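Enquirer: Quick one: the structure is below, and I'll ask about it shortly.
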Amino acid sequence: KSMYKTARKMVNQSMDAFLDERLELKDKVMDYEEKIHELQKKALNNIATQMAEDDVMDKDRSNYYLSLSRVVKAFERIGDISIEIIDTAGEFYRNIPRTTTPERFRRTRS
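Sequence positions in the sequence shown follow the working numbering and run 1 to 110.
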């Protein structure tokens with residue numbers, strides 16, 4: 001439920017940024033993106049732990065875990081799309097080009 005609420009906040013704030021030129025929301029959206037990644041990691045670890053404890057031959061249970069993993073990934077993608085929306089708002093309103101390099105690969109200024 002936490003991932004859902006966080007993803008929903010990201011979409012709402014990204015759309016506010018785009019529709020109302022509220023680019024100051026970017027930092028908050030980026031903070032939510034970090035939270036989404038933390039929640040994703042935690043959720044997938046919990047799923048893996050539960051899978052290890054359950055009967056792997058139970059097809060229904062296995063399908064449940066696979067479906068749950070796909071939902072977790074979908075929420076993470078919603079976060080990525082929210083970042084894309086707010087980056088597009090910056091490009092549209094302030095002519096700030098969007099980066100195509102994932103943040104973890106960018107050099108930080110020293």
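Ideal placement from N, C-alpha and C gives every residue a C-beta, glycine not left out. None of these values were measured; they are calculated from a predicted model.
#1: Measure how close the beta-carbons of Ile36 and Thr6 come, nearest whole angstrom, since I'm counting them as under 8 Å.
#2: Would you call Glu76 buried or exposed, if buried means 16 or more other Cβ atoms sit within 10 Å of its Cβ?
#3: In whole angstroms, give me the CA-to-CA distance for Ile78 and Tyr93.
#4: By Cβ distance, which residues of its chain are closer than 6 Å to Leu39, with the 5 residues on each side in sequence left out?
#5: Quick one: any contact between the stretch 7-16 and the stretch 51-61, if contact means 3 or more CB pairs under 8 Å?
Expert: Inspection of the coordinates gives the following:
#1: Position 36 of the sequence shown holds residue 36. Position 6 of the sequence shown holds residue 6. With a contact defined as Cβ atoms closer than 8 Å, Ile36 and Thr6 qualify at about 5 Å.
#2: Your numbering for residue 76 matches position 76 in the sequence shown. So Glu76 ends up on the buried side.
#3: Looking up residue 78 in the sequence shown gives position 78. Looking up residue 93 in the sequence shown gives position 93. Cα to Cα, the separation comes out at about 23 Å.
#4: In the sequence shown, the residue the question calls residue 39 occupies position 39. Cβ within range, chain order: Ser2 and Met3.
#5: Under the Cβ criterion (8 Å, minimum of three pairs), the stretch 7-16 does not count as touching the stretch 51-61.
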